[in-house]
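Counting from 1, position 2 in the sequence shown corresponds to residue 16 in this note's numbering; the numbering is continuous, with no gaps. Down below is the structure, laid out as structure tokens.
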Amino acid sequence: LKYSTKNMTSTPFFPILLLAVLGACECFTGIGTPLSAAKRRSCIFAALLEEDAYTNSFQTIDKCAVAGVPSDDLYDAVRYVDRNASKLYPDESAKGEMWKRAYGSWKLQLATGPPARGGTTPFKTVPIFAYAMIDENNFGNGVGINQDTIILSLLGPHYFNTKRRVMGIGIEDMFLFSNKVTQFLPEFISGGMGLKKKPADFSNKKGSRMPAFTIIGSSEKSLIARGGSGGIAIWTRLDKDIRPAAYGVE
Numbered sequence: 015l016k017y018s019t020k021n022m023t024s025t026p027f028f029p030i031l032l033l034a035v036l037g038a039c040e041c042f043t044g045i046g047t048p049l050s051a052a053k054r055r056s057c058i059f060a061a062l063l064e065e066d067a068y069t070n071s072f073q074t075i076d077k078c079a080v081a082g083v084p085s086d087d088l089y090d091a092v093r094y095v096d097r098n099a100s101k102l103y104p105d106e107s108a109k110g111e112m113w114k115r116a117y118g119s120w121k122l123q124l125a126t127g128p129p130a131r132g133g134t135t136p137f138k139t140v141p142i143f144a145y146a147m148i149d150e151n152n153f154g155n156g157v158g159i160n161q162d163t164i165i166l167s168l169l170g171p172h173y174f175n176t177k178r179r180v181m182g183i184g185i186e187d188m189f190l191f192s193n194k195v196t197q198f199l200p201e202f203i204s205g206g207m208g209l210k211k212k213p214a215d216f217s218n219k220k221g222s223r224m225p226a227f228t229i230i231g232s233s234e235k236s237l238i239a240r241g242g243s244g245g246i247a248i249w250t251r252l253d254k255d256i257r258p259a260a261y262g263v264e
């Protein structure tokens, strides 16, 4: 993502800005019938304010994600992106681009607990090395000492619903120190983990739902997602592919 006004056309917000200027703010009525110049200026100013708010929010998120330290305005920045998702990602094309930016290897840096009633839930630094990996076919996650030494890993197909921005997660295999151990797991462990289950194997009733994340936003530096319990996690992009260390693949 580019964050300067000069490079505004490269951001996912640019189509929304055009819509706001040309029609969404009622700058025009009918077909090509302009309103007053004052009204047009007002609409353009409002659109620029939204672009500025989006840019500032992601600058805050990116900075905190890289540092692994929450700032006082991080919660509000994430909330802005979350609440305005329908404007930031107005169609499947915009959501698809956001999803493609989520591809890569990520280190979990910050997280909240489930939402608190009547108040905010602050972000806290994650004290261990935990990662997530998304590619064209699979989602993986696990824990380790660092990005070169991964102790426990899970891997399986993802099922991304573009319209809802929801990524369902299947678990196919478990790895210890990059070695597959799926075949050695006793039934009570593999069954409890939902190993090999497909979306059709879940009833979507409480206690029988596929693990899933709602993708709130993504950039070249950060990934934000909400889990099933409502807690929000922020990852920072790793500088190398985690798959060789986690799954023994080159």
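C-beta: ideal position from N, C-alpha, C; glycine also. The structure displayed is predicted, hence computed values, not measured ones.
In three-state terms, what does DSSP make of residue 70?
-> helix
Among 201, 188, 83, the one whose alpha carbon lies nearest that of residue 249 = 83
So does the segment 223–237 actually touch the segment 78–92, counting three or more Cβ pairs closer than 8 angstroms?
-> yes
How should residue 233 be labelled, buried or exposed, when 16 other C-beta atoms within 10 angstroms of its C-beta is the threshold for buried?
-> Counting of Cβ neighbours within 10 angstroms places residue 233 among the buried residues, the total reaching 16 or more.
Label residue 253 either buried or exposed according to how many other C-beta atoms from any shown protein chain fall within 10 Å of its C-beta, with 16 as the threshold for buried.
-> exposed
Is residue 122 buried or exposed, if buried means 16 or more other CB atoms sit within 10 Å of its CB?
-> buried
Report, in whole angstroms, the separation of the C-beta atoms of residue 195 and residue 189, which I expect to be a contact under 8 angstroms.
-> 7 angstroms
Taking Cβ positions, are residue 231 and residue 72 nearer each other than 9 angstroms?
-> Taking a C-beta distance under 9 angstroms as the contact criterion, residue 231 and residue 72 qualify as a contact pair.
Buried or exposed: which applies to residue 206, given that a residue is buried once 16 or more other Cβ atoms fall within 10 Å of its Cβ?
-> By the 10 Å Cβ count, residue 206 comes out exposed.
Ranges of the alpha helix (DSSP H) found wholly within the segment 66–138, counting only runs of at least 4 | Those alpha helix (DSSP H) runs which fall completely within the segment 66–138 and span 4+ residues are 88–97, 99–102, 106–115.
Rounded to whole angstroms, how far is the Cβ of residue 113 from the Cβ of residue 176, which I believe are closer than 8 angstroms?
-> 7 angstroms
Minimum C-alpha distance to residue 135 - residue among 67, 163, 90 = 90
Which ranges does the beta strand (DSSP E) cover as unbroken runs of at least 3 residues, wholly within the segment 218–259, from first to last along the chain?
-> 226–232, 236–240, 246–251
Could you say which of 244, 211, 215, 212 lies nearest to residue 227 if we only look at CA atoms?
-> 244
When DSSP labels each residue in this structure, what does residue 215 get in the three-state scheme?
-> helix
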